[in-house]
Every structure is written in structure tokens, then in C-alpha cells.
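One structure is given below, encoded as C-alpha cells.
2 protein chains.
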Amino acid sequence: MSKKDLRRQQIIQAAAEVFGNSNFQNASISEIAQRANIAEGTVYQYFKNKEDLFFSIPAQKTEEFCEEFNLHLQGIHDPAGKIRKLIWYYLYFFKSNPAYARSLMLEMRVSKGFIKSETYGMIRAFTERVLEIIKEGQESGSFRKDIGIYAIRELLLGVLEHRVTRWLLKEEKYDLVEGYDEICDLIFNGIKSS
Amino acid sequence: MSKKDLRRQQIIQAAAEVFGNSNFQNASISEIAQRANIAEGTVYQYFKNKEDLFFSIPAQKTEEFCEEFNLHLQGIHDPAGKIRKLIWYYLYFFKSNPAYARSLMLEMRVSKGFIKSETYGMIRAFTERVLEIIKEGQESGSFRKDIGIYAIRELLLGVLEHRVTRWLLKEEKYDLVEGYDEICDLIFNGIKSS
DNA sequence: TCCATAATTGAATATTATTCATTTTTTATA
DNA sequence: TATAAAAAATGAATAATATTCAATTATGGA
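Okay, structure coming up:
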């Protein structure tokens, strides 16, 4: 790793700590610089502005998320099993990484600037992967073919994001993963009794 | 309406305009005061701080949302029809009120302080109403009884919030309501082909 | 008309993201 | 090793702004 990359990482590390104990608005560049043992101005040699720095923090974690997800999918061949694993893994990962969850769900996910960031590119790779799984399920005959793949993905990611966001706003007081099989059941079978 | 309430409304009106063309961070109290033809200090006689003022803006619209929703439910007696109407109305309302949608979905909904606001109380009334409809559906035998009502509500509100948020981040370039029947179908019947 | 209370004011304060001219460090070359 | 050129780091200065508060003005009742 080049010297330049090292310093970049050093700043990201300090920023992760400061943003982690706070939020975008309340975290200050001065504290980040202090913690990284550099001058405030130096931050701006490596990042365009505060937002750019903020959006750069979860790149690593997001990559980790995608890689581990692919690992967890290994050995599962039926599309329904893959969706079930996706639901479990998604909740499990955010439960295990609450600071990441807070930043991503409550701050970045609702920011228009985030869409252009490197981190968002990785998330897009994940959502593409989800789309593939759905397509697979339709082609193999497991999932209905009369509904568009985007609508199905919307259902899936919608309920997951909602569940994580709710959990965060409720101060993470209960177990995020518990009861995930109810969600699976609803996704597969809907709410109709017949 | 008392003089005090009038001035309060006047400030909220100015704030709605300023926040509407911008966002929480970029809107300035000085501009709001200017537009309301008052001094900056006066704002703080009526609102605890900038956030309190911000959270007060959508109270009226939210009340409107709830009242109109109840109107739309009139004459519908089957729970499935009520859920279908809920889905349609939710999307229709945000489509018709994009500035409200932006504030609520991208800024307030992800803020811990919002939970304590008056506006959130109204939203809670709405989500309680949704819960009632679900319960009704279970009792009448239309909806499955083996799934908790909270899980069903999570599914519903999750996919709706996700859809509106996506639409906002994509600059509202497509029709939010179009294709809502696919969502209804998925909610009722799930994704399984069998 | 006068007084007490309420409402309004806007200058002062404190905080902070960002810039940029200057200084320090590193690297390449002879 | 000595020197020059390039790169990196610095931190004081700037500009913007949420919030406070002592002073001023308006209001309504006796």
C-alpha cells in the first residue's frame, strides 16, 4: 500500500471513530484531524469535503458485506433457500455492525450525494446480485413469473430496510434477527389466508 | 385563532418555503426570519430550536393525510379492499406532495428527535389504524392468523417507504403510483409460484 | 394616562467547514 | 553528499450561521 493510501486510511480510521460516536452534523473535522494527528487542512488534501470523507468510511465494510454474503450463498442451490439466506444474512450483518447500520441507514441511504459515491457502487453490486437470484427463481419455476423482478426486489429490500431502520430508532433494544422467519414466510406466501 | 398562533403559523409558513427549496442543513434561520418579516431572535420565542421548527412544519399535512385516508376508506368493507386502498392512497399522497415527501422520508423519518415530535404522534395514529385493519382482516378470516400483525405491517409500510424513498432519490422522474397493483398482488399472494 | 406584562429586536457569541499562502518533508539528480 | 524540484503538511484566516440575551417597543387593562 502506498504512503498516500496509508494516510488516507489513517484519516478514514479516525473519521470512523468520530462519526461513530456522533453523526454527520455533530462530528467535527477538527476532532478527526486531532485524532489522526494531522492538521485540519491535511484532510482536504485527501477528501473533497466532509461529506466525501463521510461517504468513504463504509466502503470497506460494504465490500466485506458483499463478499461474506457470497460465501454464505455457497452450497445453496434452490432460489427460495437463497432468498431465505439473504434475509437472514442482511439482518445478521446489521445486528453485528450497529455503527455501520446507523451511518448507512439513517444518514447515507437518504442522501442524494451518496448515490455518486464509491460505496454506493458496491451496494449496487449487491442489489444486482439480488435481482439475479430473483430471475433465477422465476426461470426455475420457483417464483411467479407474472410479477416483475423489480417489484419483488422492492418488497424484499423494503421490508429489510424498514426493519433495520425501526430497530435503530428504537435504540437497538431488541434482537434484530429474531422472527426473521415470519418475514420469509410473508415474502413467499403473502398475507392472504386462502 | 389567537395572535400567538397566527404568528406561529406565519413562521411555519416561511419555514416551509425555505426548507422546501433546500434541506435542513442548508436552510438558514436568517432567511426564514427575513421571509416572515421578523427578527431572527423572534423565531426562538416560538420554537425551541431549528429542529423543533423543522419538525413542526408537516403537522398540518400529516393531519390532512390521515383525515383524507379515513375518507377514502369510507364505503370499503372488506379488509383486502382497505389494504389495497391504503397502498394506492399512500403512493398517491406522496406523489401529490413531493416537498412533504422529501422532508418526511429523507430527513425526519431517520431522525431520533422526530419520534418525540407532535407530527410523529399523528403518524403513529396512522400506523395504529393500519394495525386495526390488519387485525380486522385476520378476525374476518381474510388474512392469515399464523403471522403476527406487526410483521404484516412491517411488510406493508416497508415496501411503501422504500418505493417512495427510491422515487425521491431518482429525482421523481417516473410515476410513483403506476404499478401499485403489482405491490398489492405481492402483499396478498407472495412470490411463490405454487 | 400610566403601568405591568408580553413581544420583539438585532448585535454579540461561539462554533466550524473550508481555503490558501507558507513551511516542511521527500524524492530525484548530479 | 549536496542541491533543486516536487509533494505534503500546516494552521491561521475567512465566512457562515445557530443561538442567546440585554435592551427596546408594543399591548391591554385599570
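So the sequence lines, in the order shown, correspond to chains E and H.
Take the first sequence: its position 148, counting from 1, is numbered 198 in my numbering, and each next residue is one higher.
Take the second sequence: its position 62, counting from 1, is numbered 112 in my numbering, and each next residue is one higher.
C-beta atoms are modelled at their ideal positions from N, C-alpha and C, and glycine is treated no differently.
For clarity, every value in this text was computed on a predicted model and none was experimentally measured.
For a test of the three-state rule: what should DSSP assign to residue 97 (chain H), helix, strand or coil?
coil
So, helix, strand or coil for residue 193 (chain E), using DSSP?
strand
Count the CB pairs spanning the segment 176–187 of chain H and the segment 213–224 of chain E that are closer than 8 Å, and state whether there are at least three.
no
Using CA atoms only, rank isn't needed, just tell me which of E:108, E:122, E:66 is closest to residue 140 (chain E).
E:122
What are the residues in the segment 87–120 of chain H lying within 7 Å of chain E by C-beta distance?
none
What are the residues of the segment 200–212 of chain E that lie near chain H, defined by any Cβ-Cβ distance shorter than 8 Å?
201, 202, 204, 205, 207, 208, 209, 210, 211, 212
Under the three-state DSSP convention, the category residue 242 (chain H) falls into
strand
Against chain E, does residue 54 (chain H) count as a neighbour if the rule is that its beta carbon must be under 8 Å from one of theirs?
no
According to DSSP, is residue 127 (chain H) helix, strand or coil?
coil
Selection of the segment 142–161 of chain H by Cβ proximity to chain E, strictly under 9 Å:
155, 156, 157, 159, 160, 161
List in chain order: all unbroken alpha helix (DSSP H) runs of 4+ residues lying wholly within the segment 163–223 of chain H.
168–189, 199–219
Would you tell me roughly how many angstroms separate the C-alpha atoms of residue 71 (chain H) and residue 150 (chain H), rounded to the nearest one?
11 Å
Could you tell me how far apart the beta carbons of residue 194 (chain H) and residue 243 (chain E) are, in whole angstroms, since I believe they sit closer than 8 Å?
5 Å
Taking C-alpha atoms, which residue in E:202, E:128, E:107 lies nearest to residue 152 (chain E)?
E:107
Output, in sequence order along the chain, the residues in the segment 182–196 of chain H whose CB is closer than 9 Å to any CB in chain E.
184, 187, 188, 191, 192, 193, 194, 195, 196
Under 8 Å, Cβ to Cβ, is there at least one residue of chain H near residue 79 (chain E)?
no
Using the beta-carbon of each residue, which ones in chain H are nearer than 8 Å to residue 232 (chain E)?
197, 198, 201
Check the Cβ of residue 238 (chain H) against every Cβ in chain E and list those closer than 7 Å, keeping chain order.
240, 241, 242
Check distances from the C-beta atoms of the segment 164–175 of chain H to those of chain E and list, in chain order, the residues that come in under 8 Å.
165
Indicate whether at least one CB of chain H lies closer than 8 Å to the CB of residue 226 (chain E).
no
If we define contact as Cβ-Cβ less than 8 Å, is residue 219 (chain H) a contact residue for chain E?
yes
Am I right that residue 208 (chain E) and residue 213 (chain H) are in contact with their C-beta atoms under 8 Å? What's the rounded C-beta distance?
7 Å
How is residue 108 (chain H) classed by DSSP in three states: helix, strand or coil?
coil
Can you give me the Cβ contacts of residue 74 (chain E) inside the same chain, cut-off strictly under 7 Å, excluding the 5 residues immediately before and after it?
104, 157
Where residue 56 (chain E) falls, given that 16 or more other Cβ within 10 Å makes a residue buried
exposed
Less than 8 Å between CB atoms is the rule here; does residue 70 (chain E) satisfy it with respect to chain H?
no
Terminal residues of the alpha helix (DSSP H) in which residue 55 (chain H) lies
53–70
Taking a contact to mean a Cβ-Cβ separation below 8 Å, would you say residue 236 (chain E) touches residue 201 (chain H) in this structure?
yes
Out of H:117, H:190, H:79, state which residue places its alpha-carbon closest to the alpha-carbon of residue 102 (chain H).
H:79
Buried or exposed for residue 174 (chain E), please, with buried defined as at least 16 other CB atoms from any protein chain shown within 10 angstroms of its CB.
exposed
Tell me whether residue 84 (chain E) sits in a helix, a strand or coil according to DSSP, three-state version.
helix
What are the boundary residues of the alpha helix (DSSP H) that residue 149 (chain H) is part of?
148–151
Under a CB-based cut-off of 8 Å, is residue 229 (chain H) close to chain E?
yes
To the nearest whole angstrom, what separates the beta carbons of residue 13 (chain H) and residue 137 (chain H), a pair I think is in contact under 8 Å?
Examination of residue 13 (chain H) is not possible in this model, given that chain H is present from 51 through 244 alone.
Using a 10 Å radius around the Cβ and a threshold of 16 neighbouring Cβ atoms, would you call residue 188 (chain E) buried or exposed?
buried
Would you kindly work out how many angstroms separate the C-alpha atoms of residue 199 (chain E) and residue 111 (chain H), rounded to a whole number?
34 Å
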